[in-house]
Amino acid sequence: MLNWANLSGYFQLKNYMPSGLYSRSLMIIIIPIVLIQIVAGYVFLERHWNTVTKRLSHAVISDLSLLVDLRMGDTQTDDVELIRLADESFEMSIAFLPGETLPEPVPRPFVDLLDDSLSDEIENQVGRPFWLDTVSVGNYVDVRLQLPGEVMRALVLKSKVYATNSHIFIVWMTGTSLFLLAVSIVFLRNQIRPIENLAEAAESFGRGRDIQDFKPSGASEVRQAASAFLNMRDRIKAQIEQRTTMLAGVSHDLRTPLTRLKLQLAMLPRSPEILGLEEDIIEMEDMLEDYLSFAKGFQGEKSLEINIRNLLEEIRESAKLRKPGTDIFIACPPSLPFKVKRRAFKRCLTNLVNNACNHAKEVHIIVKMEEECLNIIISDNGPGIPEDSMDQVFRPFFRLDQARNAETGGTGLGLSVARDVARGHGGDIYLSKGAQGGLEATVSVPI
Numbered sequence: 042m043l044n045w046a047n048l049s050g051y052f053q054l055k056n057y058m059p060s061g062l063y064s065r066s067l068m069i070i071i072i073p074i075v076l077i078q079i080v081a082g083y084v085f086l087e088r089h090w091n092t093v094t095k096r097l098s099h100a101v102i103s104d105l106s107l108l109v110d111l112r113m114g115d116t117q118t119d120d121v122e123l124i125r126l127a128d129e130s131f132e133m134s135i136a137f138l139p140g141e142t143l144p145e146p147v148p149r150p151f152v153d154l155l156d157d158s159l160s161d162e163i164e165n166q167v168g169r170p171f172w173l174d175t176v177s178v179g180n181y182v183d184v185r186l187q188l189p190g191e192v193m194r195a196l197v198l199k200s201k202v203y204a205t206n207s208h209i210f211i212v213w214m215t216g217t218s219l220f221l222l223a224v225s226i227v228f229l230r231n232q233i234r235p236i237e238n239l240a241e242a243a244e245s246f247g248r249g250r251d252i253q254d255f256k257p258s259g260a261s262e263v264r265q266a267a268s269a270f271l272n273m274r275d276r277i278k279a280q281i282e283q284r285t286t287m288l289a290g291v292s293h294d295l296r297t298p299l300t301r302l303k304l305q306l307a308m309l310p311r312s313p314e315i316l317g318l319e320e321d322i323i324e325m326e327d328m329l330e331d332y333l334s335f336a337k338g339f340q341g342e343k344s345l346e347i348n349i350r351n352l353l354e355e356i357r358e359s360a361k362l363r364k365p366g367t368d369i370f371i372a373c374p375p376s377l378p379f380k381v382k383r384r385a386f387k388r389c390l391t392n393l394v395n396n397a398c399n400h401a402k403e404v405h406i407i408v409k410m411e412e413e414c415l416n417i418i419i420s421d422n423g424p425g426i427p428e429d430s431m432d433q434v435f436r437p438f439f440r441l442d443q444a445r446n447a448e449t450g451g452t453g454l455g456l457s458v459a460r461d462v463a464r465g466h467g468g469d470i471y472l473s474k475g476a477q478g479g480l481e482a483t484v485s486v487p488i
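When we follow the numbering used here, the leftmost residue of the sequence shown carries the number 42, and every step to the right adds one.
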């Protein structure tokens with residue numbers, strides 16, 4: 042059964058519209074100009090060129106009809122007299138070809154308005170078999186009429202049969218339209234460029250890059266939008282700086298008593314209780330570091346070009362020291378330069394690798410280039426994560442029930458920090474079930 046809803050959706054105009062603002066604006070300019078050209082050309086051909094051509098054709102065939110009547114009359118005019126009359130009075134060359142017949146018809150041109158006009162006039166005024174060629178004889182039209190026992194041939198200038206200068210109007214109309222179109226494209230490009238600059242600035246800011254060179258320009262509405270964007274950027278940066286300053290003070294206030302506790306414990310005799318307290322203090326420092334990293338982010342760090350292979354090697358060595366029994370394999374090109382915030386990106390990958398090492402004995406890290414993105418795939422052979430929990434694990438302080446223990450529980454911020462860093466670089470992290478049965482995390486970042 043025909044689904045009219047799907048059919049109407051298929052023919053919607055938006056399915057054929059270009060996606061870019063510049064392309065759509067060009068269509069708004071070009072389509073009306075083309076339609077105007079078509080309408081103007083049709084009106085010109087119908088009301089001017091066609092009418093003039095019919096009148097000229099009528100006059101020329103009337104002259105030929107008179108010559109035929111003189112030839113076929115009761116008192117036949119001499120051939121020489123008819124040729125002289127045609128040349129001097131009608132500006133055409135004629136000849137009589139005794140014993141000949143009309144040749145085979147020649148192919149007509151694609152646009153045969155002149156042929157149609159001449160053919161109609163010959164049929165209406167002369168009423169005899171004829172042969173017509175408007176192409177082969179240069180600036181002349183070759184007309185042949187079948188008379189009794191002979192063929193009358195006439196060569197008529199094309200300028201006498203149709204308006205030969207009419208193409209000048211088409212040339213001027215088309216040339217003027219193309220010139221105005223070129224001017225419109227230049228002005229349109231200047232109007233679209235500020236919008237493109239605003240989009241690029243927003244994209245760069247979303248990736249954590251500096252946009253100090255951006256200034257509002259263009260039309261008043263575009264400048265207003267750009268100013269609003271800059272004000273929003275300044276407010277976000279002020280909030281981040283305020284939060285960072287506050288957290289730096291909190292960090293200092295919290296680290297000071299923890300440091301005193303560590304010094305006091307170091308001065309006490311060794312005992313299982315003392316060792317347990319020291320481990321608790323270390324865990325508190327790690328938790329505090331996680332909280333501060335999540336809250337502060339990495340807005341102040343500059344982007345640098347690094348070799349991703351070297352960075353992964355550093356992460357693997359740190360992870361092996363932390364989990365000696367875990368095998369970590371890296372598949373990455375030996376030299377792959379990549380511009381990122383090094384400390385932030387290292388923290389992102391470290392969190393993912395440590396998470397895999399906490400739950401598996403074998404971890405694979407694969408680096409792939411796909412189109413304009415760098416994909417880093419981290420997979421393990423651990424128990425994995427239920428599919429209905431893959432989105433929830435990125436929420437701050439979220440931990441699965443299986444991980445709520447002193448060894449692997451953590452603070453519930455590792456994956457949240459990792460995703461924030463990936464999104465800060467314009468990318469994201471995607472979780473799925475790996476080929477080894479465990480979890481597979483893909484860090485996709487545009488280059």
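Backbone N, C-alpha and C define an ideal beta-carbon position, used for all residues, glycine too.
No experiment lies behind these values; they were computed from the predicted model shown.
If we ignore side chains and look at the alpha-carbon of each, how far apart do S1 and S245 end up? Since the first and last residues shown for the chain are 42 and 488, residue 1 lies out of range.
From which residue to which residue does the beta strand (DSSP E) around P73 run? Looking at the DSSP string, P73 is not in any beta strand (DSSP E); the run it does join, the alpha helix (DSSP H), is 62 to 85.
Quick check: the segment 93 to 103 against the segment 62 to 69, are at least 3 beta-carbon pairs closer than 8 Å? no
With H, G and I counted as helix, E and B as strand and the rest as coil, what does DSSP make of G479? coil
Inter-residue Cα distance where the pair is V263 and F386: 35 Å
I'd like the ranges of any alpha helix (DSSP H) spanning at least 4 consecutive residues and lying wholly in the segment 297 to 372. 313 to 337, 349 to 363
Alpha carbon to alpha carbon, how far is Y51 from S60? Note on Y51: pLDDT 47, under 50, position unreliable in the model; no value is reported.
Output needed for L390: all residues of its chain with C-beta closer than 6 Å, excluding positions within five of it in sequence on either side, in chain order. I356
Check whether the Cβ atoms of V489 and N392 sit closer than 8 Å, and answer yes or no. Given that the chain is displayed from residue 42 to residue 488, the structure contains no residue 489 and the question cannot be resolved.
In terms of residues, what are the limits of the alpha helix (DSSP H) holding V458? 455 to 465
Residue burial classification, R125 (beta-carbon count within 10 angstroms, cutoff 16): exposed
Distance, K382 Cα to M431 Cα: 26 Å
Does the segment 397 to 417 come close enough to the segment 347 to 354 that 3 or more CB-CB pairs lie under 8 Å? The segment 347 to 354 is in contact with the segment 397 to 417.
Decide if the segment 137 to 144 is in contact with the segment 154 to 164; the criterion is three or more beta carbon pairs, one per stretch, under 8 Å apart. no
When the distance is taken between beta carbons, is C373 closer than 8 Å to I488? Result no, Cβ atoms of I488 and C373 do not sit closer than 8 Å.
Do I74 and S218 have their C-beta atoms closer together than 8 Å? yes
If you drop the 5 nearest sequence neighbours on each side, which residues of the same chain put their C-beta closer than 6 Å to that of L472? These residues qualify, in order along the chain: M431, A482.
Whole angstroms are fine: how far does the CA of F171 sit from the CA of L186? 4 Å
Which ranges would you report for the beta strand (DSSP E) in the segment 165 to 203 if only whole runs of at least 3 residues count? Look at the segment 165 to 203 and you find these whole runs of beta strand (DSSP E), each 3 residues long or longer: 171 to 174, 181 to 188, 191 to 198.
On the DSSP bridge list, what partners appear for A136? R194
M58, DSSP secondary structure in three states: coil
Which residues in the same chain as L108 place their Cβ atom closer than 7 Å to its Cβ, once the five residues preceding and following it in sequence are excluded? L123, A127, I135
Is it right to say V486 is buried, meaning 16 or more other beta carbons lie within 10 angstroms of its own, or is it exposed? Of the residues assessed, V486 falls on the buried side of the cut-off, its CB having 16 or more other CB atoms within 10 angstroms.
Using only alpha-carbon positions, find the residue among E403, R276, F220 that is nearest to T367. E403
So the beta strand (DSSP E) F379 belongs to, where does it begin and stop? 378 to 381
A401 and G455 look like a contact to me (Cβ under 8 Å); what is the Cβ gap, rounded to whole Å? The Cβ separation is near 15 Å, so there is no contact.
Tell me the DSSP secondary structure of V147 in three-state form. The three-state secondary structure of V147, taken from DSSP, is coil.
Delimiting residues of the beta strand (DSSP E) encompassing M410: 403 to 411
Would you kindly work out how many angstroms separate the C-alpha atoms of V199 and P146, rounded to a whole number? A small correction: the amino acid at residue 199 is Lys; Val does not occupy that position in the sequence shown. Roughly 19 Å between the two C-alpha positions.
Residue of E412, Q477, R388, R149 minimising C-alpha distance to D461: Of the candidates E412, Q477, R388, R149, the one whose C-alpha sits nearest the C-alpha of D461 is R388.
Is I226 closer than 8 Å to L62 when the C-beta atoms are compared? no
Quick check on DSSP: helix, strand or coil for P424? Reduced to three states, the DSSP call for P424 is coil.
Just tell me which of I77, D104, G179, E237 has its CA closest to the CA of T215. Residue I77 is the option with its Cα nearest to T215.
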